[in-house]
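Take a look at the structure below.
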Amino acid sequence: MLKITDLTQFADIPCQKLDPNFPNSAPITIGNSIVCDGYTDDKTVAIFTHFHSDHIVNFSKTLRHCDHILLTQPTFDAIKVLRHSNLNRATIEPMPLSPNKFCTSKGETIELINANHVPGSCQVFVEMEENGIRILYSGDFCYPGLQVRKADVLVLAAEHGTKTHDYHTDKPSILRTIFRDVYSEITKGEAVEIHAHSGSMQDIIEQLEKGVEGKFIPKAVPFLADQKDVELTEALANAYSVPFRKLEEATDNRLNELVEEKKPYVRFAPAATKTEQQDRASKVIQADVNPGFANNGPYFQSETDNRIWFACLSPHSSFSNILKYVGEVEPKLVLIDGTRAAKDTAISLARSITEKFQIQAIPKYCSY
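Going letter by letter, the sequence shown gives residues 13 to 380 in our numbering.
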């Protein structure tokens, strides 16, 4: 019978092997041969859980050194756009979600499981043939709405791992509310700006295309975005249930033309930004940036500018739901990934898990 301390040999977040240019994005190592969301020189199978920058910073190194690179098709399509490369490499192996499996040469069975974070995001579940040990890496995830596996070792993302992030958001309801507000402004001939992170942006576009209660945004109304987001949206379109209209690049000339002709439009921009043309919109929706959700709920109006609204789409689990997820996994050991979240958040989350479940939770973070 393996002791709890013995389980630490089956997963790690080895900061000392990290590329010093990216001290906040450490690799997750699993078993004998697997590295997730990073790179180490002693692993031969690399897995990327989704396309956000803090998880793919060492993607190029894996191309040169790993025998197998596993990821979902939407993640692969997104990385091709983000890295501006066709990536026609035999080592890159887009893999469907569970129950499909990949077996390594070192006796590990890998499954990719939906993480409910962004299109193509996945958890990584590994079972070791030699001893039956099961390891689950959550990646960035949103519980509920995803499959959960029992595991002996859980490597857990620390984002939203404190009580300050304890909130309730019904994402489908908030998406419908965004649609209603956009529809209302468009039918009055007004322009709308929506600011969101990659993934959430495409979720909003899907809702605008699906409509609500038989109402739809007219196809003649243009959707515009920065060129990078135009390309990323095209790459991810197949991951959605409805076809997207073709996004236009949000150039100054095109936006000026729409304003001069007094035509409505929807302009998308990255989260937490202010565009030069923002003042032209009758409504600006800041999604994923919600500093006041605790007091104001998941959708509320700015106190200083009545044109600005904040929407919390909850691409990460709330604090309470992180604990519920841990309870379902029933791990004997938890490693907290504190390299993509604040060190204090990782330490606090580890303490909360130990107090609630009476299991060992170890915060892992890099100090340079």
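All C-beta atoms in this analysis are idealised placements derived from N, C-alpha and C, irrespective of residue type, glycine included.
If the five residues before and after Pro86 are omitted, its C-beta is found closer than 7 Å to the C-beta atoms of Pro131, Gly132, Leu248, Ala251, all from its own chain and listed in chain order. For Thr181, the secondary structure class from DSSP, reduced to helix, strand or coil, is coil.
Of the residues Leu259, Gln219, Thr287, Met213, the one whose Cα lies closest to the Cα of Pro234 is Leu259.
In summary, Gly226 is exposed, with fewer than 16 beta-carbon neighbours lying within 10 Å of its beta-carbon over all protein chains present. In the DSSP annotation of this structure, Lys55 is not part of any beta strand (DSSP E), being labelled neither H nor E. Assignment of Asn268 by DSSP, reduced to helix, strand and coil, places it in the helix class. In the structure shown, the three-state DSSP call for Phe369 is helix. Of the candidates Ser117, Gly119, Lys92, Lys92 places its Cα closest to the Cα of Pro106.
Contact check for Phe191 against Leu236 fails: the beta carbons are separated by 8 Å or more. Phe22 is a Cβ neighbour of Met140, given a cutoff of 8 Å. The continuous stretches of beta strand (DSSP E) do not include Thr245, which lies in the alpha helix (DSSP H) extending over residues 239-248. Pro86 sits in a helix when the DSSP states are folded into three classes. Proximity to Leu168 across His328, Glu367, Lys73 peaks at His328, based on C-alpha coordinates. Contact between Tyr179 and Cys324 holds, since their C-beta atoms are separated by about 7 Å, short of 8 Å. Residue environment: Gly151 is assigned as buried (16 or more neighbouring CB atoms within 10 Å of its CB, all protein chains considered). Contact between the region 157-171 and the region 202-211 is not established, with fewer than three Cβ pairs separated by less than 8 Å. For the pair Ile365 and Val346, the CB atoms are nearer than the 8 Å cut-off. Within the model, the alpha-carbon separation for Gln219 versus Ser110 is close to 26 Å. Per DSSP, Val136 is one residue of the beta strand (DSSP E) stretching across 134-140.
The alpha-carbon of Gly43 is positioned some 7 Å away from that of Glu120. Beta bridge pairing from DSSP links Thr199 with no other residue. Scanning the region 282-356 for uninterrupted alpha helix (DSSP H) segments of 4 residues or longer gives 305-308, 331-341, listed from N- to C-terminal end.
For the pair Asp164 and Thr316, the Cα-to-Cα distance works out to about 49 Å.
The residue among Tyr311, Ala306, Phe312, Lys368 with its C-alpha nearest the C-alpha of His177 is Ala306. The three-state reading of DSSP puts Ile25 in coil, since its state is none of H, G, I, E or B.
The residue from Leu158, Ala283, Leu83 with its alpha-carbon nearest to that of Val57 is Leu83. According to DSSP, residue pairing for Val165 in a beta bridge involves Ile147, Leu345.
If you draw a 10 Å sphere on the C-beta of His96, you find fewer than 16 other C-beta atoms in it, and that means exposed. In the DSSP assignment, Leu99 falls outside any alpha helix (DSSP H) and carries neither an H nor an E. Under the criterion of beta carbons closer than 8 Å, Thr351 and Cys48 do not qualify as touching, at roughly 12 Å. Within the model, the alpha-carbon separation for Glu243 versus Ser65 is close to 16 Å. Ile334 places its beta carbon 8 Å or farther from that of Val296. Note on Ser45: 16 or more other CB atoms within 10 angstroms of its CB, so buried under the neighbour-count rule.
If you look at Glu218, you'll find it in the alpha helix (DSSP H) that goes 212-222. Residue state for Val194 is assigned as helix, using DSSP reduced to three classes. In this structure, the CA atom of Gly304 is about 42 Å from the CA atom of Ile145.
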